[in-house]
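S.K.: Got a structure here, written out as structure tokens. Questions coming.
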Amino acid sequence: MGKASRDKRDIYYRKAKEEGWRARSAFKLLQIDEEFNIFEGACNLPRNTDLPLIVAVDLQPMAPIEGVIQVQGDITNARTAEVVIRHFDGCKAELVVCDGAPDVTGLHDMDEFVQSQLILALKIFFPKVTFAKPKSSRNSSIGRWPFAHNYFAEAFAVCEDYCPPAGFNEKDLYRLLKEVGSPSGTDDLVFMFYSFPIDIDVKGLANFLSVKSSNSDCSSGWLEGPNKVYIPFLACGDLGGYDSDRSYPLPQVAEGTYKSLDPVQPPIAPPYKRALELKKAASQGIQQLEKRFLDS
Amino acid sequence: MREEREWRVEGGQYLGEISALCFLKVPPHFSSLPYLLAGTGSQLLLFDVDRGRQIKSFRIFEGVRVHGIGAQVMKYEGDPLPSSVTFKIIVSGERRVKLYSLHLQLRPMSLEPSCVSTDLILLQLLPRFAHWVLDIRFLQDGLSTEERSQYLAVGCSDNSIHIWDICKSNLIFEVRCPACLLPVERCLLYSMRLWGNEFESLHIASGTIFNEIIVWKFACKHGKQSSTSTGEEPDMLRNVGDIHSIDGHCYEARIVSRLAGHQGSIFCLSWSSDGSKLVSTSDDRSARMWIADSEMNAPDKLRKSLGPYLSGPMLSGHGARVWDCSIYDSLIVTAGEDCTCRVWGLDGQALEVIKEHSGRGIWRCLYDPDVSLLITAGFDSAIKAHRLRASSSGFLGESLKEVNERRAEVFTTTIPNLSGHIRLMDSKSEYVRCLKFAREDTIYVATNHGYVYHARASGSGSIEWTELVRPSEEVPIICMDVLFRNLQDVLPGIEDWIAVGDGKGSMKVVKVVFTDCTPQVAVTISWSAEMERQLLGAYWCRSLGCGFIFTSNPRGLVKLWKWSNPSSHDARRESDVHMVAEFMSPFGARIMCLDASCEEEVLVCGDLRGNLVLFPLAKCVLFANSPQSIEKTPVQAYFRGAHGISTVSSISIARFSSSLTEIRSTGADGCICYLEYDRDQQLLEFVGMKQIKELSLVESVSTDHYSVDDSVNCSYAVGFSSTDFLIWNLQSETKDEVIYVHRYPVLDGEKNIFPRNLHLQFHGREIHCLCIIPEIFQSSADANPKSSWIATGCEDGTVRLTRYRPGENWSTSNLLGEHVGGSAVRSLCFVSEIHSAETKVVEASNGVFKKNGALENVENLCLLISVGAKRVLTSWLLRNRQTIEGDGSTDGLQNKYGGRNSSLKDASSMSFKWLSTDMPTKGIRAPKKKQDSENLVKTLHKVPAAKSVSTSMEAEQTQHGDAHDDDWRYLSVTAFLVSVPHSRQVDLITAIYLKLTVCFVVVSCSDATLTLRALVLPYRYWFDVACLTPLSSPVLALQHVVIPLQVAHQGEMVTKNAFIVVSGSTDGSIAFWDVSGGVDSFMQRVSSLHMEKFIDFQKRPRTGRGSQGGRWWRSIDAVKPRKKVTGASVAGNGESITSDEVTFDHSSISMTTKDEKISSDATQTTSVGSEESFSDSPAKFAEIKPLHVLNSVHQSGVNCLDICNQNIGNDSLYSVLSGGDDQALNFLQFVLSPAPSLSNLDTVRAVGTIAESESARQAILDFSNRSYSIKFLSQNKVISAHSSAIKGVWTNGISVFSTGLDQRVRCWKLQEHCTLSEHGHFITSVPEPEALDVRACGRQVKRSTINLDLWLLFQPRKEEILILCSFVQKLLSSCGIWKRNANGRDLSIMKNIEDPILGHLLVVDHSHGSIVLTVALSDLHSSPLSKWEGNCCCTLFKPYVTGTPLELSLGMYLVISTNFVWFVCGVPSVHNSIRDATVYTGISAEVKSPSCGGP
């Protein structure tokens, strides 16, 4: 499928390129912001500089963005967390946006590194937890892209008003969760807790990765039955805005042919880069061989 | 509530990806090959690889999927041939580990060694681990000497090892990799592999997501009891059990090596058996080998970057991520996302590439070097077994080329008298012109100089040549055909008939007999068949024998020649040969192949241009004694462009039933086409096509009868792909062998054909939709009536039909076909019930309707409609295939849909034949809508159909650029069938009266349009009927209801159907549309048209190379009359209706749609149909406005909808369930009453007002129409019904089933006041269910127990899995109908109904104002009642309750019996009592409203 074809199918993909966003997921955040004003606090902070301090962490190398400190590393790793905290210089973050979808599938239930207990944990630390679904996040047309990272990025868990339980100690986490009724799986939460000390103040936002998981072979009592934890759902985004399920015609251009734009930022150093190089070299090698054969 | 029910969920068979593999080494007298354990879903499957069958399946987990299997044989003592063997099996999934013993026992009484009884016993359930389990290994007597396998080492994804004591059943200790200890550095693993049989030798290789492999081990700490702390690594070894008891030693974990080099996460690791080598696979599309360097084993070098391991060769070649690998002494096997399994030498050289799976990849590969058995298993659910041909020892260092040479003998030879021809070739030189195989070692060769040779390959590799024909002058031989016959009774057994035609136009037929394997010419006949250079083809026909031969010329003429007394040994006669018949193709293109059937009296020819021509071949002509005058036989039927513009390469005819002949043709477009010829009606119909993507030219298709197993009856297609000649296995859809050479040796003792498929091949990608095909449409001869067929549509563009029988395996999965260009299938709809439309009867000219067999077929019309990407709309027609027993010829055609039944005994196979495909015509600009701020209603532009080829071509050229613009897709579909009850179309060609049936299809498109389309049957003709407007958002879910209404029409009461479509959109709104007007006017219009005048029957699916390119094909397309009938001609003043009727307020009480006006206008304005009026009228669609729109029912898109119906007198109560992206279930009820009397309306309105309670958020609305009124009663919602988006919902008015991305299936009960209460839920193994279908079916009845099987089907978004579950309900009430007392609390028997046929019982169970009435059906399948199953055989209807707690209102209960329809009617009362109850009998349609006035 070519770029133009995807342009036809996915309005947000096209718009992201036209408006200069790196990914269509930018619209998701914008739409969540419409509803929750998540960026408001972050931008009005009395700081030394006018610019908000933004720290980005990723496992994969990122192309640089102006005004953003970039850290390559695993957020579940304490060292990475320390690096991030150091950048904040003792202050606390206003907003944490976390897309924790691990970049792996294969037998894709491996994706369940983040489990339903995550939501439960959020419930403990944030009085207000909402499932927010931006209108741009759904798209029935784009089948699943084999290398897409956001398999489960269906909805976001927006957590507001951070308020740890009184006398909370990180080590008490296990006990705390037990009280709520989730007997195990505590380690799943760790990646959230490394990020939470950073964000003590206002709002937290974590990408919620499909509440699935457990069953009778695992436990999920809080998801079932009369004492089920209820988390409200909120659809974000303007009603008059684009519908990601809908097909929009390509814009009419004077020359008559629509020209697809390149992505704003292609992936840098993807894992398969070398494989592609090798493949290219191999086919070139054959061509050279053929050429030599013809010359002789 | 007295509804005491016990629910038991019985998990059904899972059909989906295979996620784990493990060999079981059984003693050789069990099987020469090891058994195979495979994990799929939460099940374990046991296979006998040698016999290629599944022995048993076991359920291991609930919800959790099997990720890993380990096996270890327990000792069997002494006996070299034990009758039983026991294995210890460990199974892991997510964080679960279970330990089983698997006992295999040879059945003592059975002589057949394959009869094995199995017994799987759960020994231990390990406590849930905190992290996912990645690998498990048995540790043998390393720590203790008492017994083998005392310990289990379990590796988890946090890079920890847990040692489990099997004897004591406890966890001894847990060790973390020192590199991954909290809080310094945490570690997430995607893979881990353990090596070593003892604790001391245990090596752990962990693949991190940071592209690194950590190898670590336990080292004995010599300072005894000095505990673990050495300061720098505190808490490294956590003592869970008693560490000191282990040999008195203390162990610490040490990192041996860190292996860097991969550029992506590590997905799989594998140790060689001696631990000296390690293979890893990665996200970077490569695999790497790491070799232990024994020299560097010194401890001081432990922390060096590479440690004692050296980087070995990198295995590069996979085109996508590599999921699995394993290394053996001589080779490495890897498998990955690119659907290939690759075999590599230890030097990193690629040895073999196996590409036999389809879809999203191969998950698992496993190899047994002892028997060279390679198993691959993937996402497509198939498990394929291969034998690597070379012996395991020979593989090392061998190149791919050498392997190929070993696999086949190469013969190279030249024709004999070629000596001296060293000069350049020209047309005068001697060269081979024709080549025909006669047997595996024999070819016949005809040359440019007119020689015909017989060549036979001897065992030694040399070729023996025999000259058969020596020409007097050098005339090139143009064509040759060989008829070889095995004569059972006549010595020497075989004779060959060779027919050659030369450049002078003369034919020569040579009979060759064999004496001592030496060919001898017995008979030679020659005659002049054509003019010089006009004889291009000679064809034998096996069914006619050696007395007849066909010849063809360049202009499409075929001559049939016959000679008398062919077996006489007189040589060289000419006089006896005479021409019997001449056949002239109307297309004038050279006939390339033909087949004739003497019995069917038919001759089918395929020409150079892809056309098929069918001629009559009368027996009297064939066997007439005296030569008759020859006339050109007229064409009986033809199919234009069956293979597009490509040459037809082979044709075969088979008998299907008494009147149907099946024709199969193959062509150079890479397709196999199936056609049916109806002899009575002389119709040639296209019924199916299979495109073989790997072959560019399909030479022919064969059926293989010698396979070892019933289930593996393969059929093969052979043909060319580039320069390769391929044998393509049609069943497993794999390339069996690439033939580079001429002969294949069959290895001695190799009775099994490899590769073979052990498990049912299924979709390789995401299934988007499914529906259950009710079993009443299956043959009644079906031995097991509980089996059911499920149609599924997949992302890969295929539609499959799969049979499931509860308690058994998935038995069949047939590929019905593929959408055009493999475009994704989004929605499916099964239609069977035909509604009659009330139209003015159009009398046929003579007014006599002939009863005809074809009519019966129309009565049983069952259609499957599938829609999907690129606006492809495909319809399939059900046909029940009754296999003609013992008729071998039909067997060949049985495979036409790519699969076949598991056994021939079970011959009732359901199949759909391709009926029609509709998609936007290329070059014709599709109806497009421009969006205004408020008004979306726009006129639709269509290009008037061109009348001539040239104008059409111009149009295509000018609009070609636009053709790519519309990349829209269909999102959802619903359909219903309407027939004109009295009018029959007269087919002028065949003079047969056909009943006209129209399939109305409502499709929603991603450009936010909703279109009502019509498929007119039997003409396969598509019309756009109306556009449903306005819509602001695309519709994701569609349903419809058909409501029979009694209306007064021209002074009489007639039954008229109201067709209501319900749609759910992405903006969360649910809209109701009345399409009755459009349907009625279309039916009016259609029944007054003479379609047969201009309709081309001949359509074929538009896939295949021939149909996609080429001017010729396009011009054919253009010559055909434009099939789009525009709305204006159909619905007349539709436009004016919408424009005149502009203002109606949604909040207003009533609205009139004036459908009467529509139809009357339509009949007035439209003239008698002619081609001109169809094509030339400026196109405008009729537009239908919604009856009502419920806005913001869901916050986000409405993903699914279901509607069910309960009858209450003349009213119909409808329950609409919808599931949304917002995780909510919404429940809505509306009542539709025909022509309401004022009193009745008042009543319901009053009720409605009362019902306006808190739960009903939406105001109750009442639409009065001239023929009916709709009242929306109440609306209720379960917010957060699932923890994620809801994707599928089903209801029968009592129960509701829903499924969503949270992997749950929930059952809800509809209660009073329209509330839903959760009744139960279960967790499926399916990761992301995307659709659900349920069918209720009755089972045997025991006294006072009712078993209801609810088959639940849901299918995931990401993986193609089906799960069936059956619920067993137990009703603990006693028999009888209970009547309610005035106080409303007690129960009494009102009526006990026992039906002798049904043996049912009826229970009215009352408490809290609800009445439950249940019927038990003894044997639905043997009774004629079974046709009710499609809806609900469990007639468990809730009363129609209006909402307030005090209120019990009108309740009508319907029980279906064979003889009667029982109505139990409670009279509504506002004072909470039933004053009277009456039982009525009668047919539902005739029951008048009971006396249910006010109290």
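Keeping their order, the protein sequence lines are chains S and W. When you line the first sequence up against UniProt numbering, it's residues 1 to 296, in that order. When you line the second sequence up against UniProt numbering, it's residues 1 to 1495, in that order. Glycine residues also receive a C-beta, built at the ideal position from the N, C-alpha and C atoms. Small disclaimer: the values here were computed from a predicted structure and weren't measured.
Using a beta-carbon distance below 8 Å, is R285(W) in contact with chain S?
M.R.: The residue given as residue 285(W) occupies position 285 in the second sequence. So yes, R285(W) belongs to the interface.
S.K.: For the stretch 1006-1026 of chain W against the stretch 1076-1087 of chain W, are there 3 or more C-beta pairs whose distance is under 8 Å?
M.R.: The stretch 1006-1026 of chain W vs the stretch 1076-1087 of chain W: in contact.
S.K.: Express the C-alpha separation of D158(W) and V190(S) in angstroms, rounding to a whole number.
M.R.: The residue given as residue 190(S) occupies position 190 in the first sequence. The residue given as residue 158(W) occupies position 158 in the second sequence. Model confidence at V190(S) stands at a pLDDT of 29, short of 50, so the residue's coordinates are unreliable; what they give is reported in the following sentence. Taking the straight line joining both Cα atoms gives about 12 Å.
S.K.: Among the residues of its own chain, which have a CB less than 8 Å from the CB of L660(W), if the five just before and after it don't count?
M.R.: Residue mapping note: residue 660(W) aligns to position 660 of the second sequence, counting from 1. Only E676, Y677, D678, R679 meet the Cβ criterion.
S.K.: Can you tell me whether Y248(S) is buried or exposed, with buried defined as 16 or more other CB within 10 angstroms of its CB?
M.R.: What you label residue 248(S) is simply residue 248 of the first sequence in a count that begins at 1. Buried, because 16 or more other Cβ atoms sit within 10 Å of the Cβ of Y248(S).
S.K.: Ends of the beta strand (DSSP E) at K559(W)?
M.R.: Position 559 of the second sequence, counting from 1, holds the residue named residue 559(W). Counting along the chain, the beta strand (DSSP E) containing K559(W) begins and ends at 557-563.
S.K.: Between the stretch 11-44 of chain S and chain W, which residues of the former have CB atoms less than 8 Å from a CB of the latter, in chain order?
M.R.: So the list is empty, because no residue satisfies the distance condition.
S.K.: Between the stretch 1194-1222 of chain W and chain S, which residues of the former have CB atoms less than 7 Å from a CB of the latter, in chain order?
M.R.: Per Cβ criterion, the list reads Q1195, S1196, G1197, D1221, D1222.
S.K.: Inspect the beta-carbon positions of F762(W) and S381(W) and report whether they are closer than 8 Å.
M.R.: Start at 1 with the first residue of the second sequence, and residue 762(W) comes out as number 762. Start at 1 with the first residue of the second sequence, and residue 381(W) comes out as number 381. Yes, the pair counts as a contact, with Cβ atoms nearer than the cut-off.
S.K.: Listed in chain order, which residues of the stretch 241-275 of chain S have Cβ atoms closer than 9 Å to some Cβ of chain W?
M.R.: Residues passing the 9 Å Cβ filter: D243, S244, D245, R246, S247, Y248, P249, L250, G256, T257, Y258, A269, P270, P271, Y272, K273, R274, A275.
S.K.: Exposed or buried, which one is V1054(W) when buried takes at least 16 other CB atoms within 10 Å?
M.R.: Numbered from its first residue, the second sequence carries residue 1054(W) at position 1054. That one is exposed.
S.K.: To the nearest whole angstrom, what separates the beta carbons of D1067(W) and L1187(W), a pair I think is in contact under 8 Å?
M.R.: Translated into positions along the second sequence, residue 1067(W) becomes position 1067. Translated into positions along the second sequence, residue 1187(W) becomes position 1187. 18 Å between Cβ atoms; not a contact.
S.K.: Looking at A205(W) and the ligand GTP, is the gap between the Cβ and the nearest heavy atom below 7 Å?
M.R.: As presented, the structure is devoid of all ligands, the ligand GTP included, so that no description of it is given.
S.K.: Taking 8 Å as the CB-CB cut-off, is K123(S) touching chain W?
M.R.: Locating residue 123(S) in the first sequence gives position 123, where the first residue counts as 1. No, K123(S) lies away from the interface with chain W (no Cβ there is under 8 Å from its Cβ).
S.K.: Between E277(S) and I767(W), what straight-line distance do the alpha-carbon atoms span, to the nearest angstrom?
M.R.: For the purposes of this step, residue 277(S) is taken as residue 277 along the first sequence, with counting starting at 1. For the purposes of this step, residue 767(W) is taken as residue 767 along the second sequence, with counting starting at 1. Between E277(S) and I767(W), the C-alpha separation is close to 34 Å.
S.K.: Checking 8 Å against the spacing of the C-beta atoms, do E17(W) and G378(W) come in under that value?
M.R.: For this step, residue 17(W) is matched to residue 17 along the second sequence. For this step, residue 378(W) is matched to residue 378 along the second sequence. In this structure, G378(W) lies closer than 8 Å to E17(W) by Cβ.
S.K.: Just to confirm the assignment, what range does the alpha helix (DSSP H) spanning C339(W) have?
M.R.: In the second sequence, counting from the first residue as 1, residue 339(W) sits at position 339. Looking at the DSSP string, C339(W) is not in any alpha helix (DSSP H), and its letter there is neither H nor E.
S.K.: Along the alpha helix (DSSP H) that carries F437(W), what are the first and last residues, could you check?
M.R.: As a working note, residue 437(W) is residue 437 in the second sequence. Here F437(W) belongs to no alpha helix (DSSP H); instead the beta strand (DSSP E) covers 432-439.
S.K.: For W968(W) and chain S, any beta-carbon pair shorter than 8 Å?
M.R.: For this step, residue 968(W) is matched to residue 968 along the second sequence. Interface residue, yes.
S.K.: Establish whether the CB of S184(S) and some CB of chain W are separated by less than 8 Å.
M.R.: What you label residue 184(S) is simply residue 184 of the first sequence in a count that begins at 1. With a pLDDT of 32 at S184(S), under the threshold of 50, the modelled position of that residue is not reliable, and the figure given next carries that caveat. By this cut-off, S184(S) is an interface position.
S.K.: Residues of the stretch 1022-1043 of chain W in Cβ contact with chain S at a cutoff of 9 Å, in chain order, please.
M.R.: Residues passing the 9 Å Cβ filter: S1032, S1033, P1034, L1036.
S.K.: Please state if the CB of L971(W) and the CB of residue 1501(W) are separated by a distance shorter than 8 Å.
M.R.: Here chain W has residues from 1 to 1495 only, and residue 1501(W) is not among them.
S.K.: Alpha carbon to alpha carbon, how far is R765(W) from S272(W)? Give it in angstroms, no decimals.
M.R.: Position 272 of the second sequence, counting from 1, holds the residue named residue 272(W). Position 765 of the second sequence, counting from 1, holds the residue named residue 765(W). Going from the Cα of S272(W) to the Cα of R765(W) covers about 33 Å.
S.K.: Looking at I163(W): is its Cβ nearer than 8 Å to the Cβ of F173(W)?
M.R.: For the purposes of this step, residue 163(W) is taken as the residue at position 163 of the second sequence. For the purposes of this step, residue 173(W) is taken as the residue at position 173 of the second sequence. Contact flag set, yes.
S.K.: DSSP has T1324(W) in a bridge; who is on the other side?
M.R.: As a first step, residue 1324(W) is located in the second sequence; it is residue number 1324 there, counting from the start. Partner(s): none; T1324(W) has no beta bridge.
S.K.: Could you tell me which uninterrupted beta strand (DSSP E) segments, each at least 3 residues in length, are contained entirely in the stretch 1006-1088 of chain W, listed from first to last along the chain?
M.R.: Segments of the beta strand (DSSP E) lying fully in the stretch 1006-1088 of chain W: 1009-1017, 1021-1028, 1035-1049, 1052-1065, 1070-1074.
S.K.: Decide if H29(W) is buried, meaning its Cβ has at least 16 other Cβ atoms within 10 Å, or exposed.
M.R.: Here residue 29(W) refers to the residue found at position 29 of the second sequence. It counts as exposed.
S.K.: Indicate the three-state DSSP secondary structure (helix, strand or coil) for Q284(S) in the structure shown.
M.R.: In the first sequence, counting from the first residue as 1, residue 284(S) sits at position 284. In the structure shown, Q284(S) sits in a helix (DSSP, three-state: H, G or I).
S.K.: By the three-class DSSP mapping on this structure, what secondary structure does F36(S) have?
M.R.: The residue you call residue 36(S) lines up with position 36 of the first sequence. Three-state DSSP puts F36(S) in a helix.
S.K.: State the start and end residues of the unbroken alpha helix (DSSP H) segment that holds A16(S).
M.R.: What you label residue 16(S) is simply residue 16 of the first sequence in a count that begins at 1. Element bounds for A16(S): 11-19.
S.K.: Exposed or buried, what is N170(W) when buried is set at 16 or more other beta-carbons lying within 10 Å of its beta-carbon?
M.R.: Here residue 170(W) is taken as the residue at index 170 of the second sequence, counted from 1. That one is exposed.
S.K.: Out of A130(W), N1276(W), T466(W), E631(W), point me to the one whose CA is closest to S1215(W)'s CA.
M.R.: Within the second sequence, numbered from 1, the residue matching residue 1215(W) stands at position 1215. Of the listed residues, the one whose Cα sits closest to S1215(W) is N1276(W).
S.K.: Starting from the Cα of H1282(W), find the closest Cα among H318(W), G1220(W), D1024(W) and give me that residue.
M.R.: Here residue 1282(W) refers to the residue found at position 1282 when the second sequence is read from its first residue. For the residues H318(W), G1220(W), D1024(W), the minimum Cα distance to H1282(W) belongs to G1220(W).
S.K.: Let me know the secondary structure DSSP gives A1281(W) once reduced to three states.
M.R.: For this step, residue 1281(W) is matched to residue 1281 along the second sequence. Reduced to three states, the DSSP call for A1281(W) is coil.
S.K.: In whole angstroms, what separates the C-alpha of T376(W) from that of C341(W)?
M.R.: Walking along the second sequence from the start, residue 376(W) turns up at place 376. Walking along the second sequence from the start, residue 341(W) turns up at place 341. One C-alpha to the other measures close to 7 Å.
S.K.: Run through chain W and tell me which residues come within less than 9 Å of L234(S), C-beta to C-beta.
M.R.: Here residue 234(S) corresponds to residue number 234 of the first sequence, with the count starting at 1. Under the 9 Å cutoff, chain W gives Q1195, D1222.
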